[in-house]
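Anchor point for the sequence shown: position 381 equals 381 in full-length UniProt numbering, and the numbering is continuous, going up by one each time.
Glycine residues also receive a C-beta, built at the ideal position from the N, C-alpha and C atoms.
Below: one structure, written as structure tokens.
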Amino acid sequence: MHLEKDHLKAGQIMSVQIVEDCSAAQHSHGDIELLYILSGYVQVTVGSENQSLKERDILVINANREHSYIGSEGMLMARFLISLQGIKEMMGQSIVLLRCCSAREQHEAFSSLRFLIGRILNDILTHNNSQIYRNSLYYQMLHILTSNFLIPPEEIHYRTDVDKDELRLQEIFAYIRTNYRHNIRLKDLAQHLFLSETYVSKYISQKCGINFVGLVNHIRLEYAMDDLIESDVSIIHLAMDNGFVSVAAFNHYFQQAYQMNPSAFRKRYRQQRREQQERVKNIQKEQEVKQRIDAFLREEADGGTAYDRREITVQVDTAIDGMHFEKANLVAVINVGTAVELLDAGLRAQLLASQRRLGFRYVRFWNLYGEGMNFDIHAKGPLNFNRLDNILDFLLEHQLRPYIELGCKPYRILRTTKTAVRDDYAPNGDFRDLQEEREFYRQLAVHLEQRYGDKEVANWFFELRMKEHSVFQGSQFSYTPLSAADHQQFFREFDAVAAVLQQSLPSLRLGGGGFPVQHYGREELQACVERWLKNHVRPAFISMTGFPYHLEQHEGDMYFEKRITDEEFIRHNVQLMERVLASVGLAGVPIHLSEYAMSLSSRNAMNDSCYRGAFLMRTLISCVSCQNLLMGQWLFSDLHSEYKDTRGLLFGGSGLVTRDGIPKPAWFAFDFFHACHDRFLAMEEHCLVTGGEDIGYRLVCHNGKHLNYHYYMTPEDQVDGRAISTYLEDRDVLCLHIVLRHLKNGRYIIRQRRIDDGDGSIQDEWNELDCMEGLTSLEVRHLAKITMAHLSIRHRQVEDGTLQLDLELRPDEIRYLEISKSLDWLES
1 MHLEKDHLKA
11 GQIMSVQIVE
21 DCSAAQHSHG
31 DIELLYILSG
41 YVQVTVGSEN
51 QSLKERDILV
61 INANREHSYI
71 GSEGMLMARF
81 LISLQGIKEM
91 MGQSIVLLRC
101 CSAREQHEAF
111 SSLRFLIGRI
121 LNDILTHNNS
131 QIYRNSLYYQ
141 MLHILTSNFL
151 IPPEEIHYRT
161 DVDKDELRLQ
171 EIFAYIRTNY
181 RHNIRLKDLA
191 QHLFLSETYV
201 SKYISQKCGI
211 NFVGLVNHIR
221 LEYAMDDLIE
231 SDVSIIHLAM
241 DNGFVSVAAF
251 NHYFQQAYQM
261 NPSAFRKRYR
271 QQRREQQERV
281 KNIQKEQEVK
291 QRIDAFLREE
301 ADGGTAYDRR
311 EITVQVDTAI
321 DGMHFEKANL
331 VAVINVGTAV
341 ELLDAGLRAQ
351 LLASQRRLGF
361 RYVRFWNLYG
371 EGMNFDIHAK
381 GPLNFNRLDN
391 ILDFLLEHQL
401 RPYIELGCKP
411 YRILRTTKTA
421 VRDDYAPNGD
431 FRDLQEEREF
441 YRQLAVHLEQ
451 RYGDKEVANW
461 FFELRMKEHS
471 VFQGSQFSYT
481 PLSAADHQQF
491 FREFDAVAAV
501 LQQSLPSLRL
511 GGGGFPVQHY
521 GREELQACVE
531 RWLKNHVRPA
541 FISMTGFPYH
551 LEQHEGDMYF
561 EKRITDEEFI
571 RHNVQLMERV
581 LASVGLAGVP
591 IHLSEYAMSL
601 SSRNAMNDSC
611 YRGAFLMRTL
621 ISCVSCQNLL
631 MGQWLFSDLH
641 SEYKDTRGLL
651 FGGSGLVTRD
661 GIPKPAWFAF
671 DFFHACHDRF
681 LAMEEHCLVT
691 GGEDIGYRLV
701 CHNGKHLNYH
711 YYMTPEDQVD
721 GRAISTYLED
731 RDVLCLHIVL
741 RHLKNGRYII
751 RQRRIDDGDG
761 SIQDEWNELD
771 CMEGLTSLEV
781 RHLAKITMAH
791 LSIRHRQVED
801 GTLQLDLELR
811 PDEIRYLEIS
821 KSLDWLES
């Protein structure tokens, strides 16, 4: 018989190991083992019994029981080692036996065990460093095992299904493990068992394949090994502390077991551990195992067995009129990029394909006089506006309005807030002085008035923002906050630009600031706005940005942006700006959130995921009650952020659509929200119900998840798009019960569209193609065709004025529902 060398460390209650494509010869160990099959099947032999285990089966093997297993090809198994001594101490029992095999019996506790194992596996995938949380799950598992599968002590000796050898072996091992530090004699063990020395000696030799002394010293070696590799205790003390009569005896038994002396083993082990820590991990193999566990957990979530099922009920009184909200303003603006990019036919086609579905009315662009626009802002004489006219004519022809950010800013593609793929600043992009700037905007205003007229241009927005002090040295980024002097310089510039533009276009709407609210505290932001209002032109609107970062000082006066964990940052930043404006007497001034996103990185796989879709849905719902708010999502298309390194279909770009124009889950969030009515009857964190009896009912809902510790510890450009769920706090299913009351009785049609990791997610579809680069045009068209929301249509009869919708939403699922009266009812 082979005795496994792996065992629990002192004080450990449980450990878990993921086993792949593995078999084990006959062996035993002093702790309890639990096997949980994730995929494939396993043939297990325990004593003389054979048991076939398939996916999701659970088997407990009691301590010191001989067992072996053979796994099928592709087998994946979670192997738990459970402290026998720990259970004994907690329960105050000398013998602990469990009878637990899901292949032989049915028990409702198996579902609870599977749920907890799912939690533990998710914790493994997320690399959570909280041992407290992991131990809490272990103890819950112990509670379920001992409450439902423990054989009571009073039944052990007369139950026919209890192996007597199992009892005796457990008693033998328990006695040795309790007394291994002392001088244990065969005579003492025989007296403890009330058996003869001869019988006990033969029994141990027969069952364990070694004699009594060999068994005792083997167990001593197990414990000594922990001290040898985990501590700096001398070999002399180590031998004495673990029951060996001398160092020579310890060296002798160690040499027999490991073919080297303890000192050499310790030295080699530590050298190997250092090399292993320094060696690059086998990422591909680790990734394959991670993906297999992730796929298993997704299937469990589908079945609702591995995770909690949160229950939320939303009561909707359809008899009320509902409250109006500015739905159109929340999806009004889309950021596309630089002016020259709008000359691209591909980007134009993508815009027109999305215009009706997403509902945006304003197309925001910048670098008006950037490279490729045929402007020389330093030259004397008239300017050539032909390319700008081409852009403006295209937008107006398709009922889109320009939202023009004045000034020039770098063409910046970020990996993280500290590293850039690209950071190009237009040559000659800055005016030499204020006089040169006035002359450019004078000519621009005159041209716009002559070509489009003041009445038309009055429908547009113009934004002038403060120029940030951000610097890249190589690929490293640093940021210096703006000073009061910088603010004053901007206010003077704003006054000059406003005066010259409104001289020819008196109805023109010029606002701005572009406040990165996340960089300001309330007092600093309020002081800045107050300085702007004092003896300066009042802006038509205040603009701000919203990204999940705060400033952190690096060296001296240099700062960098660090991620924050507040996923409600959009609403919180808008509310902060609302309070500041109210405090300075500008409560009615519109706020333009001209740029916002869940990440500044254009290489973050989370941008392509269902998480981002749910994040946007949650953000839009949270802003429903905001007044005078115009929102501009960053960014429309991945065309803006493609570069030399973007070979794949997806690369973590900030776009709502891929560079090929395929919608991402975030695109569908806007699509669903735009389809809602502009009167809401009920609103909850996960749900918005809109409409009324005259127009029908439309609602959106989501099961948006929060990001976990693993995500915030992973650089944004290293987020794994094939294991998105490992970055989520949980994978609980949301059971949303929506009860509509006071409906007219009759027959209704319920149409549903949903996006989740199984339906409509381009990221998951591409994962199914093994993230293949260099797809053919036919394959890209195929992906574009299948990337659509899952549609279902059902009829429901309402007889008591109440309609209850019971929805189960998967993690990060977004859903749209439309409830209308059936045509056959209307015709009757």
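Which listed residue (the options) has its alpha carbon closest to that of residue i
| i | options | result |
| --- | --- | --- |
| residue 865 | 628, 764, 682 and 794 | Absent from the structure is residue 865, since the part of the chain shown begins at 1 and ends at 828. |
| residue 411 | 319, 470 and 396 | 470 |
| residue 446 | 574, 383 and 600 | 383 |
| residue 431 | 454, 340, 370 and 390 | 370 |
| residue 140 | 168, 110 and 125 | 110 |
| residue 150 | 62, 122 and 676 | 62 |
| residue 14 | 85, 66, 65 and 76 | 85 |
| residue 66 | 576, 58, 748 and 44 | 44 |
| residue 253 | 234, 420 and 219 | 219 |
| residue 378 | 343, 415 and 434 | 434 |
| residue 233 | 802, 263, 72 and 80 | 263 |
| residue 403 | 421, 456 and 214 | 456 |
| residue 648 | 350, 620 and 767 | 767 |
| residue 468 | 481, 173 and 342 | 481 |
| residue 463 | 453, 441 and 452 | 441 |
| residue 577 | 603, 618, 524 and 537 | 524 |
| residue 690 | 738, 460, 115 and 461 | 738 |
| residue 145 | 58, 630, 799 and 94 | 58 |
| residue 64 | 208, 551, 565 and 248 | 208 |
Beta-bridge partners of residue i, as assigned by DSSP
| i | result |
| --- | --- |
| residue 366 | 338 |
| residue 687 | 684 and 701 |
| residue 45 | 50 and 68 |
| residue 631 | 593 |
| residue 380 | Looking at the DSSP assignment, residue 380 forms no beta bridge with any residue, so it has no partner. |
| residue 80 | 16 and 34 |
| residue 315 | 739 |
| residue 424 | 411 |
| residue 747 | 797 |
Delimiting residues of the alpha helix (DSSP H) encompassing residue i
| i | result |
| --- | --- |
| residue 151 | Looking at the DSSP string, residue 151 is not in any alpha helix (DSSP H), and its letter there is neither H nor E. |
| residue 821 | Careful: residue 821 lies outside any alpha helix (DSSP H), inside the beta strand (DSSP E) at 814 to 821. |
| residue 739 | Here residue 739 belongs to no alpha helix (DSSP H); instead the beta strand (DSSP E) covers 733 to 741. |
| residue 665 | 665 to 674 |
| residue 89 | 84 to 91 |
| residue 801 | That residue, residue 801, is in no alpha helix (DSSP H); it is neither H nor E in DSSP. |
| residue 530 | 522 to 533 |
| residue 577 | 569 to 583 |
Residue range of the beta strand (DSSP E) that includes residue i
| i | result |
| --- | --- |
| residue 24 | 23 to 28 |
| residue 103 | No beta strand (DSSP E) holds residue 103; DSSP gives it neither H nor E. |
| residue 397 | Careful: residue 397 lies outside any beta strand (DSSP E), inside the alpha helix (DSSP H) at 386 to 397. |
| residue 646 | Unbroken run through residue 646: none, as it is neither H nor E. |
| residue 544 | 542 to 546 |
Rounded distance between the beta-carbons of residue j and residue i, thought under 8 Å
| i | j | result |
| --- | --- | --- |
| residue 504 | residue 449 | 5 Å |
| residue 181 | residue 243 | 5 Å |
| residue 704 | residue 614 | 3 Å |
| residue 125 | residue 293 | 6 Å |
| residue 81 | residue 33 | 6 Å |
| residue 602 | residue 654 | 5 Å |
| residue 347 | residue 336 | 7 Å |
| residue 296 | residue 678 | Actually they are not in contact, since the Cβ atoms of residue 296 and residue 678 sit about 43 Å apart, beyond 8 Å. |
*Stretch-stretch touch, CB-based, cutoff 8 Å, three pairs: the stretch 614 to 633 with the stretch 326 to 337*: Touching, per the Cβ criterion.
*For the stretch 483 to 501 against the stretch 515 to 526, are there 3 or more C-beta pairs whose distance is under 8 Å?*
No: fewer than three Cβ pairs fall under 8 Å.
*Take every Cβ of the stretch 586 to 599, pair it with every Cβ of the stretch 538 to 550, and state whether three or more of those distances are shorter than 8 Å.*
They touch, by the three-pair rule.
*asked:* Pairs of beta-carbons, one from the stretch 784 to 799 and one from the stretch 741 to 758, closer than 8 Å: are there three or more?
replied: When Cβ pairs closer than 8 Å are counted between the two stretches, the stretch 784 to 799 is seen to touch the stretch 741 to 758, the count reaching three or more.
*Stretch-stretch touch, CB-based, cutoff 8 Å, three pairs: the stretch 354 to 367 with the stretch 668 to 683*: Three or more beta-carbon pairs separated by less than 8 Å link the stretch 354 to 367 to the stretch 668 to 683, which places the two stretches in contact.
*Segment contact, 8 Å Cβ cut-off, at least three pairs: the stretch 626 to 638 with the stretch 715 to 723*: Cβ pair count under 8 Å is below three, so no.
*Three or more C-beta pairs below 8 Å linking the stretch 725 to 736 and the stretch 793 to 801*: Contact between the stretch 725 to 736 and the stretch 793 to 801 is absent, because fewer than three Cβ pairs lie under 8 Å.
*Could you say if the stretch 262 to 274 and the stretch 693 to 701 meet the contact criterion of at least three C-beta pairs nearer than 8 Å?*
By the Cβ criterion, the stretch 262 to 274 is not in contact with the stretch 693 to 701, since fewer than three pairs of Cβ atoms, one from each stretch, lie closer than 8 Å.
*Any chance the stretch 764 to 783 sits against the stretch 806 to 825, with 3 or more Cβ pairs inside 8 Å?*
Judged by Cβ distances under 8 Å, the stretch 764 to 783 makes no contact with the stretch 806 to 825, as fewer than three pairs qualify.
*Touching or not, the stretch 533 to 544 and the stretch 578 to 590, by the rule of three or more beta carbon pairs under 8 Å?*
These segments touch.
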